[in-house]
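Undergrad: Here my numbering is used: the first residue of the sequence shown is 210, the next is one more, and so on. One structure coming up, written as structure tokens, with questions to follow.
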Amino acid sequence: MTAPRTRRALLTGWGRTAPTAADVVHAVHPSLVDAAMSAAVAAVAARTGRGLVARGMGRSYGDAAQNAGGTVVDATWLDDIRTVDLATGRISVGAGVSLQTLMERFVPLGWFVPVTPGTRLVSVGGAIAADIHGKNHHVDGSFCSHVLSMTLVTPTGTHVVGPDADPALFWATAGGMGLTGIVTEATLQMIPVETSYMLVDTERATDLDDVMDKMLTGDDAYRYSVAWIDCQSTGSRLGRSVLTRGDHARLADLPHRLATDPDRARAFVPRQLARVPLTPPGGLLNPLTVGAFNEFWFRKAPKRQLGKPHHMTGFFHPLDGVGEWNRLYGGRGFLQYQFVVPDAAGETVRRIIERLTEVRLASFLAVLKRFGPGDPGPLSFPMPGWTLALDLPVGHDGLDRLLDDLDEEVLAAGGRIYLAKDSRLAPDTFRAMYPGVDRFLEVRSRVDPDGALRSDLGRRIGLCSDAGAPTPRPTTKKRKTR
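See below:
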């Protein structure tokens, strides 16, 4: 089998930091995935290559879909919808199909994706690799809980796996950041909906205690819940928030003009309202502009509003309406810091928000959610408790030290950092946060004994290594616990 054609490209994550160059393969057919895998395995065996990793739509914030000096397989070309059962909501699709495509095709037919993050511009393969979560984790869990099976191309062959078919490999792939193989096809269980609208309850919370109490006592009544947090406010207003919760609207729930026009009520036609045309050198998001936005956003929200219809696009993916919004942070880019801590560690959330307000970091987007039980995957992120996600501009004095300190706070609380958002986690900290890493490495060694699957993220946190060095193996050394 001849090696597929490649083109050299400079790649970054959505945060636009740490670009690296790789040879990109456009996988217009699954046979090209096989060819790229075979070529990478042969090059690694000869110690002349730096392995390969798959890439979807590039929405991981850091370096998960980069492979400096190696090969990156662009899987977005695997975008065919293969089989559909509209009676049960089971669909089989190529791994490059986006969540937006699934919504456009199937919401009008009565089916919605089981889990969506804050953007619909994510491929199915990427959703599996990151085991994405959404506003409904406390009810529905993560994305891979709704994956019935998938086809995975590995260095040792192609496997069809699922929760009941080689579950160890299936769950290692769920959240495994592409380091167990390349997903080419997946079968998903969609959820039934009557319309493309949500019935939404919105209310302000005066401070962090207020919003956390509201979520603890009320989230179980809603399928979806998220709180926007103002990380610029201090004192008695520390953590003031806008809490938004809702569920899918039935046809009978909608206003007369929609309830009597089912086609319109089910339509899903996303629109881009604006686009950031260039990257401002210094960025537009700073403490002054973010502070003004936060004041506007809090005052704009109703003090309490119940049962208002919102279209799915605005409820789930408001930022998708602004094309290339990541440019707003300027040429240096930004990072997203997302952590989860157990229920009993709510004070960790408070301390981290206090640290951010003290140094006046301009976090344009800060969202708080509650998680239910996590997936069995050894690298899957969620656990029962609180998760806070923060967008932070690169270039702030002392940012690296601050985030190292926050890592220690999260680790001491028994929490962890989300790998799909990470761009800086140290290997020792990663290992301490993910106690299942040895189980992951055991599976990885089985399907990739020579370490052909590699990424910048994998090298950085110690999950893989370069040619001429052994692939990291499970360790039996007992680690200190905190």
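Using N, Cα and C, we set each Cβ at its ideal position, and we do this for glycine too.
In the DSSP assignment, find the unbroken beta strand (DSSP E) run with T310 in it and report its ends.
TA: Counting along the chain, T310 falls outside any beta strand (DSSP E), though it belongs to the alpha helix (DSSP H) covering L308 to F315.
Undergrad: For L408, which residues of its own chain have a beta-carbon under 7 Å away from its beta-carbon, when the five flanking residues on both sides are left out?
TA: Only G455, D456, A458, D462, G516 and P518 meet the Cβ criterion.
Undergrad: In chain order, what residues of the same chain have a beta carbon less than 8 Å from the beta carbon of G671, not counting five sequence neighbours either side?
TA: So the qualifying residues of the chain are P636, F639, R640 and P681.
Undergrad: Using 8 Å as the threshold, is the region 410 to 421 in touch with the region 537 to 547, meaning 3 or more CB pairs across them?
TA: No contact exists between the region 410 to 421 and the region 537 to 547.
Undergrad: Quick one: grab the DSSP three-state call for R669.
TA: Three-state result, R669: helix.
Undergrad: Name, in chain order, the residues that DSSP records as bridge partners for Y546.
TA: Its beta-bridge partners are L599.
Undergrad: Output the residue ranges of the beta strand (DSSP E) runs that lie fully inside the region 249 to 305 and measure 3 residues or longer, sorted by chain position.
TA: Correct list: 261 to 264, 280 to 283, 290 to 294 and 299 to 303.
Undergrad: Do you know offhand how far S632's Cα is from L460's?
TA: Straight-line Cα distance between these residues: approximately 43 Å.
Undergrad: Quick one: Cα of P490 to Cα of T226, how far?
TA: The straight-line gap from Cα to Cα measures roughly 14 Å.
Undergrad: Are three or more beta carbon pairs between the region 402 to 417 and the region 249 to 256 nearer than 8 Å?
TA: The region 402 to 417 is not in contact with the region 249 to 256.
Undergrad: Examine the Cβ distances between the region 585 to 602 and the region 558 to 576 and report whether three or more of them are shorter than 8 Å.
TA: Short answer: they touch.
Undergrad: Looking at W320 and G298, is the spacing between their C-beta atoms short of 7 Å?
TA: Yes, they are a contact pair.
Undergrad: For R449, count the other beta carbons within 10 Å of its own beta carbon; 16 or more makes it buried, fewer makes it exposed. Which is it?
TA: Label assigned to R449: buried.
Undergrad: Using DSSP with H/G/I as helix, E/B as strand and the rest coil, what is T453?
TA: DSSP places T453 in strand when its eight states are reduced to three.
Undergrad: At 4 residues or longer, what runs of the alpha helix (DSSP H) sit wholly inside the region 364 to 420?
TA: Taking only runs of at least 4 residues, the alpha helix (DSSP H) segments lying wholly in the region 364 to 420 are 376 to 382.
Undergrad: What residue ranges within the region 624 to 652 form continuous alpha helix (DSSP H) runs of no fewer than 4 residues, ordered along the chain?
TA: Counting whole runs of 4 or more residues, the region 624 to 652 contains the alpha helix (DSSP H) stretches 636 to 642.
Undergrad: What is the residue span of the beta strand (DSSP E) that D692 lies within?
TA: As displayed, the chain neither begins before 210 nor continues past 691, which places residue 692 out of reach and without an answer.
Undergrad: Please determine if the region 501 to 514 and the region 545 to 563 are in contact, where contact requires at least 3 C-beta pairs separated by less than 8 Å.
TA: Judged by Cβ distances under 8 Å, the region 501 to 514 makes no contact with the region 545 to 563, as fewer than three pairs qualify.
Undergrad: Can you say whether S445 is buried or exposed, counting buried as having 16 or more other CB atoms within 10 angstroms of its CB?
TA: With fewer than 16 other Cβ atoms within 10 Å, it is exposed.
Undergrad: Among F649, A374, R625 and L544, which has the Cα closest to the Cα of D164?
TA: Residue 164 is absent from the structure shown; the chain starts at 210 and stops at 691.
Undergrad: In chain order, what residues of the same chain lie with their CB nearer than 7 Å to the CB of R217, ignoring the 5 residues before and after it?
TA: Correct list, in chain order: A230 and D232.
Undergrad: Mapping the DSSP letters down to three states, classify G343 as helix, strand or coil.
TA: Coil at G343, not helix or strand.
Undergrad: Taking the alpha carbon of D470 as the reference point, which residue from L494, L361, T404 and L588 has its own alpha carbon closest?
TA: D470 has its Cα closest to that of T404, out of L494, L361, T404 and L588.
Undergrad: Would you report the Cα separation of L662 and G258, rounded to the nearest angstrom?
TA: Going by the C-alpha atoms only, they are around 11 Å apart.
Undergrad: Closest to L220 by CA distance: which of A236, L241 and V282 is it?
TA: Taking only the C-alpha atoms, the option nearest L220 is V282.
Undergrad: Is N535 near the ligand GDP, judged by its Cβ being under 6 Å from some heavy atom?
TA: For the ligand GDP, the structure offers nothing, since it holds no ligand at all.
Undergrad: Is the beta carbon of L467 less than 7 Å from the beta carbon of A476?
TA: For L467 and A476, no; Cβs fall outside 7 Å.
Undergrad: In whole angstroms, what is the alpha-carbon distance linking D373 and T443?
TA: Each residue's Cα considered, the two are about 50 Å apart.
Undergrad: Looking at C-alpha atoms only, which residue of T393, A296 and F505 is the closest neighbour of M246?
TA: The candidate whose alpha carbon is nearest that of M246 is T393.
Undergrad: Could you tell me which residues DSSP puts in a beta bridge with Q514?
TA: Q514 pairs with T411.
Undergrad: Cutting at 7 Å between CB atoms, please list the residues of its own chain near D363, excluding the five before and the five after it.
TA: Looking at the sequence shown, residue 363 is not Asp but Thr. Taken in chain order, the residues that qualify are T389, G390, V656 and D657.
Undergrad: Rounded to the nearest angstrom, what separates H346 and Y433 at their Cα positions?
TA: H346 and Y433: Cα-Cα distance of roughly 8 Å.
Undergrad: Do V370 and L361 have their beta-carbon atoms positioned less than 7 Å apart in this structure?
TA: Going by C-beta atoms, L361 is nearer than 7 Å to V370.
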